[in-house]
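K.L.:
Residues 308 to 533 in the working numbering are what the sequence shown lists, from first letter to last.
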Amino acid sequence: MEPKIGAVAETLLERYGPYPDESAGPVLDQLVWFLLSTRTTVENCEAAYRALRDAFPGGWDQIAAAPEAALYAPLRPAGLFRSRARNLVATLGAIVERFGGTSLEALRSWSNRDIESFLTSLPGVGLKVARCTMLFGLGRPVFAVDAHIWRVTGRMGWHAFRGGAPSAAGADFLNRLIPDGVDVRSLHVNLIRLGREFCPAGAPRCAECPLAAFCAAGAVGCAARG
Ligand code: SF4
Numbered sequence: 308m309e310p311k312i313g314a315v316a317e318t319l320l321e322r323y324g325p326y327p328d329e330s331a332g333p334v335l336d337q338l339v340w341f342l343l344s345t346r347t348t349v350e351n352c353e354a355a356y357r358a359l360r361d362a363f364p365g366g367w368d369q370i371a372a373a374p375e376a377a378l379y380a381p382l383r384p385a386g387l388f389r390s391r392a393r394n395l396v397a398t399l400g401a402i403v404e405r406f407g408g409t410s411l412e413a414l415r416s417w418s419n420r421d422i423e424s425f426l427t428s429l430p431g432v433g434l435k436v437a438r439c440t441m442l443f444g445l446g447r448p449v450f451a452v453d454a455h456i457w458r459v460t461g462r463m464g465w466h467a468f469r470g471g472a473p474s475a476a477g478a479d480f481l482n483r484l485i486p487d488g489v490d491v492r493s494l495h496v497n498l499i500r501l502g503r504e505f506c507p508a509g510a511p512r513c514a515e516c517p518l519a520a521f522c523a524a525g526a527v528g529c530a531a532r533g
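(1) Is the segment 512 to 523 close to the segment 479 to 487, with three or more CB pairs under 8 angstroms?
(2) Alpha carbons only, please: which of Ser493, Pro507 and Ala373 is nearest the one belonging to glycine 313?
(3) Return the CA-CA distance between glutamate 317 and tryptophan 457, expressed in angstroms with no decimal places.
(4) Rounded to the nearest angstrom, what separates leucine 426 and aspartate 479 at their Cα positions?
(5) Starting from proline 381, follow the alpha helix (DSSP H) in both directions and report where the run begins and ends.
(6) Can you have a look at valine 349 and say buried or exposed, based on whether 16 or more other CB atoms are within 10 angstroms of its CB?
(7) Tell me which residues share the same chain as aspartate 361 and place their Cβ nearer than 7 angstroms to its Cβ, disregarding the 5 neighbours each side in the sequence.
(8) Nearest-angstrom Cα distance between leucine 442 and aspartate 453?
(9) To the nearest angstrom, how far is the alpha carbon of alanine 380 from that of alanine 373?
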């Protein structure tokens, strides 16, 4: 089935609405948020991020100079708190070394390629975190792919890659597939919402799914799900 990405994006907008058009704040805040969001729930990420900001009123400068162990308690709600603390302190150190302070605002004038290359060089920052930071923190129209988006778009027939997590090649393939003019932030968020509501890793609810008309798996009653 030919991907009807524009129609899918419109259908999702009708159901879930657009992503709010508001300032995301400092780029570094976004990067840390997405770093904490990996392999945990939104609620636990939020709890850890708030605890971190409350524990260090001096901001990222104070955290960059702190011993890793001082980050354990605030990061504990997100799980994996030791590795998160190690990566965060190392990432902040690398940012200070590159820019002379704990700010990523200089990235706003960089090319997408250079931003992605720099962000993915930071400890613990993978392609998904880098592209989420570019999409939501810098307003760049790059399509960040998480496990929900990977699963839903695979079932819809947009790609033939298999497995539970998107490969770099698969994420690049999907990124190139998105046509100009599509609201990429809304498509990203709304596909995740659709995935959670109708198309989880277990049995999808194709009969009720608003994307069934555009979906390879839905067209055969989910017999092809996987
Ligand atoms: S029709 Fe079924 S398989 Fe396709 S996106 Fe919807 S729930 Fe998922």
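Ideal Cβ positions, reconstructed from N, Cα and C, are used throughout, including at glycine.
P.N.:
If we stick to the structure as given:
(1) Fewer than three beta-carbon pairs drawn from the segment 512 to 523 and the segment 479 to 487 are found closer than 8 angstroms, and the two stretches are therefore not classed as touching.
(2) Ranked by how close their Cα comes to the Cα of glycine 313, the residues Ser493, Pro507 and Ala373 have Ser493 in first place.
(3) 19 angstroms
(4) 16 angstroms
(5) 379 to 382
(6) exposed
(7) none
(8) 13 angstroms
(9) 13 angstroms
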